[in-house]
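Shown next, in structure tokens, is the structure this report addresses.
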Amino acid sequence: MDKTNGLSCWGTDVNDHSPTFSDNETHLEISESALPGARFQLQGARDPDSDMFSIQLYKLSQNDHFRLEVKDRGEDGKIPVLYLHKALDKEAARSHRLLLTAVDGGKPARSGTMGIIVNVLDVNDNMPVFVRDSYTAVLKENSPVGTTIIQVNATDLDDGLNGEVVYSFGNNVNHKLRKLFEVDANTGEIIVKGLIDFEAKDRYELDIKASDKGLVPLETEKSVVITIVDLNDNSPEIEVTSFSSAIPEDAKSGTTVALISVNDNDSGVNGKVICYIIPFKLDTNYKNYYSLLVDGPLDRESISNYNVTIVATDKGNPPLSSTSVVPIQVSDVNDNAPLFPEAMINVYVNENSPVGAVLKRVTATDSLFCWIAAGKRCLGSSLT
Numbered sequence: 001m002d003k004t005n006g007l008s009c010w011g012t013d014v015n016d017h018s019p020t021f022s023d024n025e026t027h028l029e030i031s032e033s034a035l036p037g038a039r040f041q042l043q044g045a046r047d048p049d050s051d052m053f054s055i056q057l058y059k060l061s062q063n064d065h066f067r068l069e070v071k072d073r074g075e076d077g078k079i080p081v082l083y084l085h086k087a088l089d090k091e092a093a094r095s096h097r098l099l100l101t102a103v104d105g106g107k108p109a110r111s112g113t114m115g116i117i118v119n120v121l122d123v124n125d126n127m128p129v130f131v132r133d134s135y136t137a138v139l140k141e142n143s144p145v146g147t148t149i150i151q152v153n154a155t156d157l158d159d160g161l162n163g164e165v166v167y168s169f170g171n172n173v174n175h176k177l178r179k180l181f182e183v184d185a186n187t188g189e190i191i192v193k194g195l196i197d198f199e200a201k202d203r204y205e206l207d208i209k210a211s212d213k214g215l216v217p218l219e220t221e222k223s224v225v226i227t228i229v230d231l232n233d234n235s236p237e238i239e240v241t242s243f244s245s246a247i248p249e250d251a252k253s254g255t256t257v258a259l260i261s262v263n264d265n266d267s268g269v270n271g272k273v274i275c276y277i278i279p280f281k282l283d284t285n286y287k288n289y290y291s292l293l294v295d296g297p298l299d300r301e302s303i304s305n306y307n308v309t310i311v312a313t314d315k316g317n318p319p320l321s322s323t324s325v326v327p328i329q330v331s332d333v334n335d336n337a338p339l340f341p342e343a344m345i346n347v348y349v350n351e352n353s354p355v356g357a358v359l360k361r362v363t364a365t366d367s368l369f370c371w372i373a374a375g376k377r378c379l380g381s382s383l384t
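Each step along the sequence shown adds one to the number in the UniProt record's numbering, with nothing skipped, and position 255 is 255.
Quick look at the structure:
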């Protein structure tokens with residue numbers, strides 16, 4: 001009202017201002033661990049028009065996670081509050097873009113808007129996940145130290161250190177396995193560390209752990225099965241378990257001279273062994289057990305000693321073999337009659353020869369076998 005010159009004037013407000021926000025866009029950081037029901041006060045808009053034309057309501061763009069509440073502070077106006085309706089998940093959406101609209105009371109109404117960017121803060125809520133359901137590998141025995149057997153891989157949907165994965169053995173992997181294998185913490189490669197011997201063990205199962213680097217690390221384990229392939233790396237072993245050092249020269253064919261066992265620590269065809277000898281005969285009556293038999297007539301007077309060489313060869317590729325020498329002595333039997341040099345011997349006697357006179361000296365021989373003290377052998381003896 002203006003009283004100049006005695007006149008009274010009343011001014012009538014018109015809706016000539018739109019609501020405005022001090023910023024065109026605002027950023028909020030909300031942890032994905034925030035629970036539904038959490039509230040976040042927003043910056044309100046300003047409208048210099050009178051109360052009837054000032055801000056009457058706020059509206060929020062349609063979305064799944066947030067709702068809008070408005071607090072009426074009387075003379076201080078209306079305050080918009082962002083209400084968390086549904087839990088956030090950074091792995092599903094790293095940010096949310098909203099639009100806040102302030103509407104005044106004019107007809108037609110005026111409005112102003114402000115963009116809201118909600119950045120979701122990561123929490124370590126995802127454990128590492130292996131990319132494969134199972135891991136199996138085949139490894140040749142005697143593989144060199146440093147050989148990479150297999151590589152495991154796990155991913156973590158979290159960000160930063162919460163999403164960085166390191167690898168190690170599971171808690172149940174014993175010290176014996178840790179002497180044979182190692183795992184690269186950064187790459188997940190399982191590597192040969194010690195001597196791998198099929199004959200010691202043909203299958204290994206290792207628990208590999210994947211952990212993130214969060215303050216409270218999350219971890220998961222996966223089993224890795226390693227099958228060892230046999231190589232033909234063991235020669236057959238020959239053992240003469242019992243034998244007679246001497247056999248009579250008239251021993252019959254089939255007489256057992258020695259019992260022999262053969263062992264090959266390899267498996268499959270690498271561990272299958274065949275044996276042969278010359279000039280005797282081997283007969284097997286049980287797996288890898290043999291009898292050394294006489295396979296023909298023996299004659300002490302012709303051959304008195306044999307060094308029987310037994311050769312055991314496996315069926316590997318390439319084959320491996322071993323040899324063992326069994327000394328056999330042929331003992332003498334009385335199988336030779338004495339022989340006179342002539343079938344008939346004529347003796348002439350002088351008459352009146354005294355009693356006891358030597359009429360003739362005759363000689364007979366016998367092919368007996370003897371050893372003399374000097375260690376030399378004699379093949380025959382004479383009887384006079």
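Cβ atoms here follow ideal geometry from the backbone N, Cα and C, with glycine treated the same way. Note that the structure is a prediction, hence the values are computed from the model and not measured.
Thr363 is the residue among Ile55, Thr363 and Pro354 whose C-alpha sits nearest the C-alpha of Met344.
Between Asp104 and Asn126, the C-beta gap is not smaller than 8 Å, which leaves the two residues out of contact. In this structure Glu237 touches Val262 by the C-beta definition: roughly 7 Å separates them, less than 8 Å.
Counting along the chain, the unbroken alpha helix (DSSP H) around Arg178 starts and ends at His175 to Leu180. Rounded to the nearest angstrom, the gap between the Cα atoms of Glu75 and Ile55 is 12 Å.
Residue pairing of Asp72 in beta bridges, as defined by DSSP: Lys78. With fewer than 16 other beta carbons inside 10 angstroms of its own, His27 counts as exposed. Distance from Leu231 to Lys140 at the Cβ level is roughly 6 Å; contact confirmed, criterion being Cβ atoms closer than 8 Å. Between Asn288 and Val273, the C-beta gap is smaller than 8 Å, which places the two residues in contact. With fewer than 16 other Cβ atoms inside 10 Å of its own Cβ, Leu195 counts as exposed. The C-beta of Tyr348 has fewer than 16 other C-beta atoms within 10 Å across all chains shown, which makes the residue exposed. The shortest CA-to-CA distance from Arg67 to any of Ala45, Thr323, Val131 and Pro36 is the one to Pro36. Nearest Cα to Tyr306 within the set Ile247, Ile149, Pro338 and Glu219: Ile247. Distances from the CA of Ser168 to each of His96, Lys360 and Ser223 were compared; the closest alpha carbon is that of Ser223. Put simply, the stretch 179 to 190 does not touch the stretch 96 to 110. Fewer than three CB pairs are less than 8 Å apart. Where Ser22 is concerned, there is no enclosing beta strand (DSSP E), because DSSP gives it neither an H nor an E. In this structure Thr155 is in contact with Val131, their Cβ atoms being roughly 6 Å apart against a cut-off of 8 Å. Taking C-beta atoms under 8 Å as the contact rule, Ile30 and Leu161 fail to qualify, at a distance of about 20 Å. Met114 sits in a strand when the DSSP states are folded into three classes.
In the structure shown, the three-state DSSP call for Leu161 is helix. Scanning Gly271, His96, Val355 and Glu69 for the CA closest to the CA of Glu199 turns up Gly271.
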